[in-house]
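Residue numbers (this note's numbering), protein chains in the order written: chain A, 26 to 687; chain B, 361 to 684; chain C, 6 to 134; chain D, 19 to 164.
By construction, the Cβ of each residue, glycine as well, lies at the ideal position given by its N, Cα and C atoms.
None of the values given here were measured: they were computed from a predicted structure.
First the structure, in the form of structure tokens, and then the observations on it.
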């Protein structure tokens with residue numbers, strides 16, 4: 026018989042507000058095996074943990090039940106507390122009376138009743154618990170970074186500097202990401218390329234970093250410490266080893282009509298191209314959709330002009346399989362589609378552009394070579410209107426419910442830069458709120474208003490009407506003056522909401538990392554573990570986790586790197602002891618379990634058994650504990666019940682069922 | 361029959377096999393029972409006739425543990441069971457010398473009795489060499505006749521085919537017996553209202569006395585220890601205590617053999633209460649065929665079983681309510 | 006002013022609008038074609054309901070200047086729908102005046118072929134409930 | 019004691035996989051999305067851990083409805099667990115339907131860790147269904163009900 030202690034947490038008023046906690050403790054004493062029950066304000070606090078430890082020692086408890094928040098929150102905490110008091114950590118069960126009870130049931134009597142039942146189920150389970158010992162698994166000392174933007178580059182550099190090998194997988198032909206498309210960066214206004222390109226070069230030159238550009242993650246298997254990843258290196262049609270990056274092929278390429286991804290489609294590029302001049306690697310790729318050779322079989326000019334003989338039309342996609350101990354996701358963001366916002370006339374007028382498009386217009390390497398001009402007629406604008414919160418903070422399905430965070434600052438930056446370079450241009454910003462928390466951020470915004478005379482109007486724009494003369498009529502509110510504004514503008518710039526890169530869903534699925542309703546990757550804990558995914562061994566870097574600016578991204582990239590380094594520094598990991606075990610006396614050796622095991626953890630051996638006096642050699646299943654992840658598929662496939670899952674045994678689950686239905 | 365005995369004697373004599381697994385006469389003319397024969401002498405008790413319906417495959421699990429080869433007589437449908445056991449590593453192919461015996465349909469004494477034929481003394485026309493048209497039955501009330509087809513087991517009317525799936529040699533002629541749709545009875549039940557279904561199965565299952573004959577005869581139910589006998593699920597039951605346990609036992613039994621059951625019909629054949637237990641297994645077979653593609657357990661030894669397989673597009677469980 | 010509170014609650018109920026969701030962006034007023042005719046502007050409607058000043062609202066000129074074009078409803082990023090609030094305020098006035106609804110069958114007789122389509126549509130929107 | 023006088027409070031067992039659905043239930047909780055207290059959740063590592071035996075056992079002990087939630091097909095933490103669970107449950111539910119047990123008493127729903135709203139909605143609709151079906155008499159061990 027177990028000696029069980031039950032500890033009921035108030036969680037301040039989170040639980041005690043809806044559940045009569047002392048009643049739960051009182052009822053617990055009536056359960057079989059329970060010799061101790063108490064309730065306390067915060068069981069997870071040091072004092073609460075001390076109470077648990079004291080009870081374990083005083084009453085010689087063999088198992089404990091903590092009625093508290095979700096086991097996903099504090100199971101590990103209480104297991105550690107029990108372990109410190111000399112109890113096997115797997116003799117701890119959690120009854121989730123917060124997320125599954127007090128937070129959703131407002132009626133005290135009803136909630137208390139349910140809490141008692143959940144407590145009973147946990148007690149019934151712990152009565153059947155057995156002490157378990159964690160095994161060990163090895164750690165591959167190499168990290169994978171998915172995404173080669175500033176987040177991925179920074180994470181890779183930090184991991185590599187700590188002495189571990191890192192591979193970066195980047196989908197596009199060059200690393201650099203969104204940051205490479207920016208012109209200047211707030212709040213210091215240094216040129217984006219000037220601070221990014223040295224990092225790109227450093228990453229490329231680092232002997233611990235290997236960069237796979239124009240590549241995608243195809244398949245991920247394994248688990249923390251021991252992932253196996255298939256990387257698809259898309260056919261570049263150019264031999265990376267031979268190409269000197271001279272650029273003649275791009276110059277001579279007759280197909281120059283493909284929209285330039287780097288310039289957001291505002292101008293075109295050749296079919297063989299590097300996205301931008303500072304691309305790393307400086308090796309072009311052939312866009313097979315646009316290439317005349319691939320479309321018609323004729324042409325081949327690039328091959329003829331290439332002195333190095335690097336052009337290879339026959340190149341095929343290649344799959345590289347590598348092993349990693351840790352994976353960092355740094356897949357970044359894109360701006361949302363604006364097709365549902367017809368009131369802003371984006372798509373109707375070339376002079377209504379997104380802020381990211383304006384970055385390209387302002388950039389010396391952009392479609393207008395850095396001259397501020399209207400994309401419709403190339404004339405210099407005199408009136409520019411910026412509209413904030415386009416698709417951000419939007420309750421309906423046209424936009425995103427969250428604040429995109431960066432728009433207030435980059436809009437101030439754009440306004441300021443335009444006023445600085447073109448003092449004769451009037452700049453008006455329509456805003457709902459101006460949000461500038463951050464070091465030197467509000468000062469920056471105020472400078473735009475006070476020093477540069479940017480006209481900030483509290484109010485949204487209701488519609489933008491393209492006029493026949495090419496001007497844009499902007500109808501907005503000025504809520505402070507309580508008037509409706511009709512304003513003629515030459516250009517309208519939309520601070521478009523950002524969203525996670527659409528590929529992230531596919532990647533998250535491969536990694537079995539969870540994702541929220543907005544496609545941002547979920548952190549293990551919103552406050553305390555913000556750079557880790559709940560899936561062990563997966564770390565989050567940059568905007569894939571939530572909107573953030575460059576300094577925050579770099580900071581998080583470093584944090585993710587440290588977490589990954591912390592993992593890679595270990596030689597061995599303790600494995601989950603909740604694995605399947607076969608009872609040799611019951612096993613038929615039928616191979617059914619082997620067929621459903623996703624990890625190949627089950628093999629068969631001829632074993633000498635002594636079945637109640639009958640000695641014979643039998644073919645029986647053997648589970649490799651390092652490979653078994655404890656899913657339990659085999660336990661149900663097994664008709665004789667020989668296969669059982671430690672920590673979630675058949676009898677334990679049935680005891681829970683019985684307790685709930687009692 | 362003599363051909364089988366002769367062959368058995370030969371193989372025993374030349375040492376190819378150490379024993380013969382066949383049938384010997386029982387206490388009545390219609391209940392031969394499976395038996396081992398280890399010498400020509402013992403073979404004098406050997407019988408083989410239309411009442412030898414028992415599926416000998418399951419006996420091969422134990423026979424595989426014995427020294428030397430065992431000669432076994434398998435009907436076409438029994439070879440599916442043998443194949444399935446082979447696939448599950450329960451029998452040793454090298455320990456078996458399989459004689460595929462021709463089949464003209466096996467007989468069900470209950471069907472004969474249902475025709476009002478009582479006090480049976482002897483039956484003629486049931487040997488494998490007979491042409492299987494008419495049974496002549498000597499009773500204490502005089503001689504009666506009965507058509508062979510009317511006396512056949514249910515399973516023979518929906519026969520999977522007379523081809524042996526695995527054998528070392530074949531003896532005897534077969535005759536096609538299939539004259540009914542395999543799933544007709546399942547479909548009839550499916551068409552019932554929930555109340556009718558419930559009433560039907562309640563009346564059938566309430567007859568169950570938990571003698572475990574179905575379990576013992578079933579070649580798929582060959583666990584060393586059944587979950588209903590072990591404490592693994594806190595589910596050990598020796599007898600049905602209430603109406604629920606009848607259902608629990610039969611549903612779980614059917615579920616455990618789903619995708620493995622060859623539809624050999626032994627469960628229904630041996631049930632002393634005459635419960636049509638094969639209707640559970642056949643329901644699963646029908647569902648599997650409809651939802652995951654045609655699958656015949658035991659047809660081969662290397663295909664993936666439906667419950668250890670999947671596709672991304674598999675039907676959702678909610679299809680159960682939608683199929684009407 | 007207990008009755009004002011009750012009226013404000015009733016307006017929320019009729020319109021199905023939660024005025025607290027408003028972020029004061031003014032897009033409703035920015036988009037309103039009758040803005041200049043109104044004494045209380047669309048975005049202010051929301052504030053009046055929050056402040057439970059229903060009296061001023063039902064006595065405002067705006068109440069009858071709204072075209073029920075629902076541009077504000079369409080474009081509101083927060084799903085607050087000032088147009089629905091205005092509609093609700095009208096409902097309350099209509100209800101107080103003694104449920105003088107038209108029957109659907111009576112409408113065709115009252116129609117003047119010269120009436121602009123927009124007005125008809127608005128009228129139906131107004132009196133639909 | 020007469021059963022008719024007692025207000026029907028169904029017993030509902032929900033098996034939730036640890037990675038998606040249990041987290042979805044947690045999210046429903048932290049988002050304060052209510053559903054009836056009749057639902058009691060049992061945490062299992064994966065939907066493929068749910069043995070038909072558990073479901074029948076729940077009915078035996080007087081459960082009025084049993085629902086199983088797992089990761090969406092394709093999103094299983096163990097990659098393939100829910101595929102096997104899907105086939106198993108489809109066959110089991112079909113069998114229960116076949117022997118005349120009301121089909122609404124069992125359900126499988128895929129709920130991701132992000133779908134707190136779906137979790138709560140699913141539970142609300144399932145409980146509603148069980149209320150409409152009333153007490154489970156066809157599969158219960160009637161001795162357990164007094």
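So residue i packs on residue j, CB below 8 Å; how close in whole Å?
i, j, result
"residue 263/A", "residue 310/A", "6 Å"
"residue 614/B", "residue 644/B", "6 Å"
"residue 296/A", "residue 280/A", "4 Å"
"residue 683/A", "residue 592/B", "In fact, because the Cβ distance is near 15 Å, the residues do not count as touching under 8 Å."
"residue 226/A", "residue 193/A", "About 14 Å; that fails the 8 Å criterion."
"residue 488/B", "residue 521/B", "Not quite, the Cβ-Cβ distance comes to about 18 Å (not below 8 Å), so this is no contact."
"residue 247/A", "residue 651/A", "Wrong, their Cβ atoms sit about 11 Å apart, outside the cutoff."
According to the Cβ coordinates, are residue i and residue j closer than 8 Å?
i, j, result
"residue 546/A", "residue 565/A", "yes"
"residue 360/A", "residue 521/A", "yes"
"residue 450/A", "residue 392/A", "no"
"residue 467/B", "residue 511/B", "yes"
"residue 430/A", "residue 572/A", "yes"
"residue 458/B", "residue 390/B", "no"
"residue 73/A", "residue 152/A", "no"
"residue 36/D", "residue 675/A", "no"
"residue 191/A", "residue 53/A", "no"
"residue 509/A", "residue 64/C", "no"
"residue 32/C", "residue 23/C", "no"
Just the chain A side, please: which residues come within less than 7 Å of residue i by C-beta, in chain order?
i, result
"residue 173/D", "There is no way to answer for residue 173/D, as the model of chain D reaches only from 19 to 164."
"residue 583/B", "613, 664 and 665"
"residue 450/B", "613 and 615"
Can you pull the chain B neighbours of residue i, defined as C-beta to C-beta under 8 Å?
i, result
"residue 126/A", "Near residue 126/A there are no residues of chain B at all, since even the closest Cβ is about 27 Å away, more than 8 Å."
"residue 111/D", "677 and 680"
"residue 157/D", "604 and 607"
Could you name the residues of chain D that residue i contacts, counting a contact when the two beta carbons are closer than 7 Å?
i, result
"residue 539/B", "Those do not exist, as residue 539/B stays about 25 Å from chain D at its closest Cβ, beyond 7 Å."
Please compile the residues from chain D whose C-beta is within a distance smaller than 8 Å of the C-beta of residue i.
i, result
"residue 541/A", "132"
"residue 595/B", "71 and 75"
"residue 96/A", "61"
Along chain B, which residues have their Cβ under 7 Å away from the Cβ of residue i?
i, result
"residue 28/D", "Going along chain B, no residue has its Cβ under 7 Å from residue 28/D, so there is no contact; the nearest lies around 18 Å."
"residue 117/D", "557, 558, 561 and 607"
"residue 107/D", "677"
Under 8 Å between beta-carbons, which chain A residues line up against residue i? List them in chain order, please.
i, result
"residue 60/D", "146, 678, 681, 682 and 685"
"residue 64/D", "656, 657 and 658"
"residue 40/C", "509"
Just the chain C side, please: which residues come within less than 9 Å of residue i by C-beta, in chain order?
i, result
"residue 421/A", "81, 82, 83 and 84"
Can you pull the chain C neighbours of residue i, defined as C-beta to C-beta under 7 Å?
i, result
"residue 501/A", "35"
Completely contained beta strand (DSSP E) runs for the segment 494-576 of chain A, where each covers 3 or more residues: With a minimum length of 3 residues, the continuous beta strand (DSSP E) runs that stay inside the segment 494-576 of chain A are 497-503, 508-514, 516-521, 523-525 and 563-565.
Contiguous beta strand (DSSP E) assignments of at least 3 residues, all confined to the segment 384-427 of chain A: 408-415
The segment 659-674 of chain B in contact with the segment 570-586 of chain B per 3-pair CB rule at 8 Å: no
Three or more C-beta pairs below 8 Å linking the segment 229-241 of chain A and the segment 412-428 of chain A: Contact check between the segment 229-241 of chain A and the segment 412-428 of chain A: fewer than three CB pairs, one atom from each, fall below 8 Å, which does not count as touching.
Inter-stretch contact at 8 Å, needing at least 3 Cβ pairs: the segment 78-98 of chain D / the segment 654-666 of chain A: yes
Cβ pair count under 8 Å reaching 3, the segment 485-505 of chain B against the segment 423-434 of chain B: no
Inside the segment 156-241 of chain A only - beta strand (DSSP E) runs reaching at least 3 residues: 160-163, 167-171, 190-194 and 234-237
Cβ contact (3+ pairs, closer than 8 Å) linking the segment 141-156 of chain A and the segment 538-545 of chain A: no
Every unbroken alpha helix (DSSP H) within the segment 46-108 of chain A, with a cutoff of 4 residues, ordered by chain: 46-53 and 71-83
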